[in-house]
Amino acid sequence: MKQNDSTKFLNRQYMLDDAFEIYYYKDFPDQGVAPHSHSFYEFYFFLEGKVSISIQERSYNVVPGDIIMIPPGTVHCPSLLDPLTPYRRFVLWIRKDYYQKRLSHTDVFRYLFDRCDKLSSPLLSMSQPRFNDLQAAIFSLIRETHDSRFGKEAACRLLLEQLLLGLSRFIYSRELSTHSDSGSLCSRICTYIDEHLSEAVSLERLSQVFYRNKYYISHIFKETMGISIHQYILKKRLEGCKNAMVTHTALEAIASGFGFTSYSSFFRYFKKEYGISPQEYRKRLYQDNAPQKPME
527 MKQNDSTKFL
537 NRQYMLDDAF
547 EIYYYKDFPD
557 QGVAPHSHSF
567 YEFYFFLEGK
577 VSISIQERSY
587 NVVPGDIIMI
597 PPGTVHCPSL
607 LDPLTPYRRF
617 VLWIRKDYYQ
627 KRLSHTDVFR
637 YLFDRCDKLS
647 SPLLSMSQPR
657 FNDLQAAIFS
667 LIRETHDSRF
677 GKEAACRLLL
687 EQLLLGLSRF
697 IYSRELSTHS
707 DSGSLCSRIC
717 TYIDEHLSEA
727 VSLERLSQVF
737 YRNKYYISHI
747 FKETMGISIH
757 QYILKKRLEG
767 CKNAMVTHTA
777 LEAIASGFGF
787 TSYSSFFRYF
797 KKEYGISPQE
807 YRKRLYQDNA
817 PQKPME
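Positions in the sequence shown are counted from 1; adding 526 to them yields this note's numbering.
Spelled out as structure tokens, the structure:
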């Protein structure tokens with residue numbers, strides 16, 4: 527995320543747009559925000575800082591990768607624990623009537639907003655690889671809202687739905703994995719792998735986690751998914767690295783963060799999968815995201 531993509535913090539607690547608004551804030555706030563509520567949904571993606579958030583008189587200490595879902599009419603307030611540490615976050619506002627008119631008719635979105643309305647667990651703690659996937663969607667959405675290309679409104683709507691779909695899938699997979707009798711073994715294995723991409727995931731480890739013979743796990747996964755566990759892990763790691771390239775993190779750090787033991791192996795697998803090198807892909811990505819002149 528570039529510095530000029532950030533927005534000066536807005537003190538207003540009302541929306542101007544009739545659908546949604548999204549902001550990237552990076553600041554050193556010298557004053558807090560009073561407890562407040564509003565008439566729209568708020569999704570808060572925490573990136574950096576030392577902050578505690580109070581929701582309905584209960585406090586939550588947030589760490590990078592945490593997401594807070596706040597339904598309309600809910601009193602909440604952030605508390606800054608260290609004003610010398612940069613405070614970075616994404617804030618997404620969605621009008622309630624926009625959700626009801628445009629999104630509530632789709633099961634996957636209704637599932638997400640129903641969970642938000644319940645407020646039983648407003649805090650979502652997400653692994654860095656999963657959070658990077660959402661960041662990629664957020665980056666694209668913010669830049670599209672700042673652009674003036676043809677089809678902007680449709681693109682923003684699609685990118686918003688992509689972001690909400692990722693959130694809904696994460697909550698669903700987390701709830702599925704907490705009930706051992708729910709869902710197939712392969713679904714739970716995929717969820718586990720997706721949450722541990724930065725670690726050394728082996729058949730032996732999966733056997734210990736799911737209390738099944740490793741040869742049985744290997745057989746049933748290949749039969750159900752059509753690819754081996756090793757191939758699945760590799761594809762998910764490469765996909766995570768590709769999504770993380772929208773940030774300015776060094777390629778070596780991205781590869782290491784997704785479990786590649788050497789940059790050379792990452793380079794080789796990436797080029798084989800996508801047909802271009804990581805450097806070439808990142809260069810094209812920045813060129814594609816560069817602001818375009820409006821059509822005359």
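Here a beta-carbon is modelled for each residue, glycine too, at the ideal position from N, C-alpha and C.
What residues match up with Asn587 in a beta bridge as DSSP calls it? Its beta-bridge partners are Ser578.
Reference Leu760, options Glu725, Leu607, Leu629 and Phe639, closest by Cα: Glu725
So, with DSSP's three-state summary, where would you put Val727? coil
Kindly provide the ranges of any beta strand (DSSP E) runs that are 3 or more residues long and lie completely inside the region 621 to 689, ordered along the chain. 649 to 651
N-terminal and C-terminal residue of the beta strand (DSSP E) that Ile594 is part of: Per DSSP, the continuous beta strand (DSSP E) segment holding Ile594 begins and ends at Asp592 to Ile596.
Name the residue from Val634, Pro655, Gln661 and Gln805 whose alpha carbon lies nearest to the alpha carbon of Tyr550. Gln661
What does DSSP give as the partner residue(s) for Arg614 in the beta ladder? Lys552 and Glu574
Between the alpha carbons of Gly783 and Ser578, how many angstroms are there, rounded? 26 angstroms
With the cut-off set at 8 angstroms, would you say Leu691 and Val634 are in Cβ contact? yes
Along the chain, where does the beta strand (DSSP E) containing Leu606 start, and where does it finish? His602 to Leu606
Contact check, Phe546 vs Tyr637 under 8 angstroms by CB: the rounded distance? Incorrect: roughly 18 angstroms between the Cβ atoms, too far for contact.
Pick from Gly591, Lys552, Asp608 and Glu670: whose alpha carbon is nearest that of Leu693? Gly591
What's the call for Gln781, buried or exposed, on a 16-neighbour Cβ count within 10 Å? Reading the sequence as shown, one finds Ala at residue 781 and not Gln. Buried is the call here.
Bounding residues of the alpha helix (DSSP H) (the contiguous stretch that carries Tyr789): Tyr789 to Tyr800
C-alpha gap between Lys496 and Ser733, whole angstroms: Here the chain comprises residues numbered 527 to 822, so residue 496 is not present and cannot be evaluated.
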